[in-house]
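Okay, so the sequence shown: first residue is 17 according to our numbering, each after it adds one. Here a beta-carbon is modelled for each residue, glycine too, at the ideal position from N, C-alpha and C. See structure below.
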Amino acid sequence: MIRLVGLTKTYPEGSYALRDVHLEVGRGEFVFVTGSSGAGKTTLLRLLLRQETPTRGQIFLDGQDLAALPRSRVSAHRRSIGVVFQDFKLIRRKHALDNVAYVLNVQGVSRAEQRRRAYLALKGVGLHHRLGLTPAALSAGEQQRVAIARAVVTEPALLLADEPTGNLDPDLAVEIMRLFREINARGTTVLVATHDRDLVRRMQRRTVVLEHGQLVDAGVSS
17 MIRLVGLTKT YPEGSYALRD VHLEVGRGEF VFVTGSSGAG KTTLLRLLLR QETPTRGQIF
77 LDGQDLAALP RSRVSAHRRS IGVVFQDFKL IRRKHALDNV AYVLNVQGVS RAEQRRRAYL
137 ALKGVGLHHR LGLTPAALSA GEQQRVAIAR AVVTEPALLL ADEPTGNLDP DLAVEIMRLF
197 REINARGTTV LVATHDRDLV RRMQRRTVVL EHGQLVDAGV SS
């Protein structure tokens, strides 16, 4: 599903975010991308979202060279991928149901269908009883589950998560990873960037390791 060929990203001052990375991730895999701060994890996710383009090399998603993606198709490409952030990025004034339904509204789905699918997504993360609450009334773990529901409500083939447990205690982090595992079991490819090595060891999934922008361990494909 994902293929990186000599992927390199440099910044104007000459520093490397990623350097000559070769990697393949198959459809339906669950992969952790680990490494210390500055290793290149977030840059990799931004490249997959086409928020940035490579300096050199290529990045393919389902055979499409993302660097060659026409500007007119970039928004649609981003909407086709589920994304979960460390800081949740929920709309503070909207309750949980509308936060999840928002991405469907952008896609032009009917209001009734938005609410139906948002409810089912919230039910899938165990929050259908909290759908009328705004983020301020939810715990950190609940906010992250709303963010996960929002990411999967469009049934994306690929789910990206950038330090999704960084603001959670260890028990909640394990709970969130359990949800990702369930989502993966339904066929979604899951790529999680994290520096939490203890959590990665507990999950026992393929682990890719970056150091200073270079791939030092590609893990074992499932």
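- In the assembly as shown, K57 is a buried residue. Its beta-carbon has 16 or more other beta-carbons within 10 Å.
- In the DSSP assignment, F76 is bridged to R19 and D81.
- With fewer than 16 neighbouring CB atoms inside 10 Å of its own CB, A153 falls in the exposed class.
- Note: T210 is bridge-paired with T50 in the DSSP secondary-structure output.
- Counting the other CB atoms within 10 Å of its CB gives D212 a total of 16 or more, which places it among the buried residues.
- Beta-bridge partners of L174 (DSSP): I97 and T205.
- Exclusion of the five residues before and after Y32 leaves T26 and G229 as the residues of its chain whose Cβ lies within less than 6 Å of its Cβ.
- Counting the other Cβ atoms within 10 Å of the Cβ of N121 gives fewer than 16, which makes it exposed.
- Taking the C-beta atoms as reference points, L231 is found no nearer than 7 Å to V206.
- If you draw a 10 Å sphere on the C-beta of I107, you find fewer than 16 other C-beta atoms in it, and that means exposed.
- The beta carbon of V116 is closer than 7 Å to those of A134, A137, L138, V162, A165, R166 and V169 in its chain, skipping five residues each way along the sequence.
- Between the segment 197-205 and the segment 37-48 there are three or more C-beta pairs closer than 8 Å, enough to call the two in contact.
- DSSP, reduced to helix, strand and coil, places R43 outside both helices and strands of the structure shown, so it counts as coil.
- Using a Cβ-Cβ distance cut-off of 8 Å, the segment 85-96 and the segment 146-160 are not in contact, since fewer than three pairs of beta carbons, one from each stretch, lie closer than that value.
- In this structure, A177 and A209 form a Cβ contact; the two beta carbons are roughly 7 Å apart against a cut-off of 8 Å.
- A Cβ-Cβ separation of about 6 Å places G22 in contact with R72 under the 8 Å criterion.
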